[in-house]
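Chemist: Counted the way full-length UniProt numbering counts, the sequence shown spans residues 1 to 92. Glycine included, C-beta positions come from ideal geometry on N, C-alpha and C.
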Amino acid sequence: MNEFDSIRITEKGDTLSFEMTNELADSSHEAIFFLIRATSALIASVTKDDADPKEVAEAFGKTFSRHIAQDIQDERDRRAEETEKAKGGEKQ
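(1) So, are the CB atoms of I7 and F34 less than 8 Å apart?
(2) Could you check what DSSP says for R83 in three-state terms: helix, strand or coil?
(3) With a CB to CB cut of under 6 Å and the five nearest residues on each side skipped, what residues in its chain are close to P53?
(4) Applying the 10 Å Cβ sphere with the 16-neighbour rule, what's the burial state of L42?
(5) Which residue or residues does DSSP assign as beta-bridge partners of E8?
(6) Quick one: what does DSSP say G61 is sitting in, helix, strand or coil?
(7) Could you have a look at T39 and say whether DSSP puts it in helix, strand or coil?
(8) Helix, strand or coil for S28? Go by DSSP, reduced to three states.
(9) To the nearest angstrom, how far is it from the Cα of V46 to the Cα of V56?
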């Protein structure tokens with residue numbers, strides 16, 4: 001039996017967990033590309049027949065960009081807090 005590249009996403013409360021197989025497990029770039037293509041296919045499958053494809057893509061792109069920017073900022077804030085806690089812990 002052949003194993004295909006796949007990603008399993010599990011939600012645990014406010015946390016998402018990813019399990020990846022084959023090349024996806026070895027390359028974060030491949031995993032990101034895989035998820036973007038899967039998202040694109042999902043959007044295409046639920047888009048109404050009378051919707052303008054370019055408008056749908058632009059609306060999704062804007063929303064996705066805002067989420068990416070916020071996630072990057074949140075991650076930076078989280079790292080800064082961890083660094084600050086670690087520095088505070090060293091002083092004690």
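Modeler: The short version:
(1) Their beta carbons are under 8 Å apart, which means I7 touches F34 by this criterion.
(2) Before going on, a small fix: residue 83 reads as Thr here, not Arg. If DSSP states are grouped into helix, strand and coil, T83 belongs with the helices.
(3) none
(4) exposed
(5) With the sequence shown as reference, residue 8 is identified as Arg, and Glu is not the correct amino acid for it. DSSP, once it has assigned bridges, lists E19 as partnering R8.
(6) helix
(7) helix
(8) helix
(9) When rounded, the distance between both Cα atoms is 11 Å.
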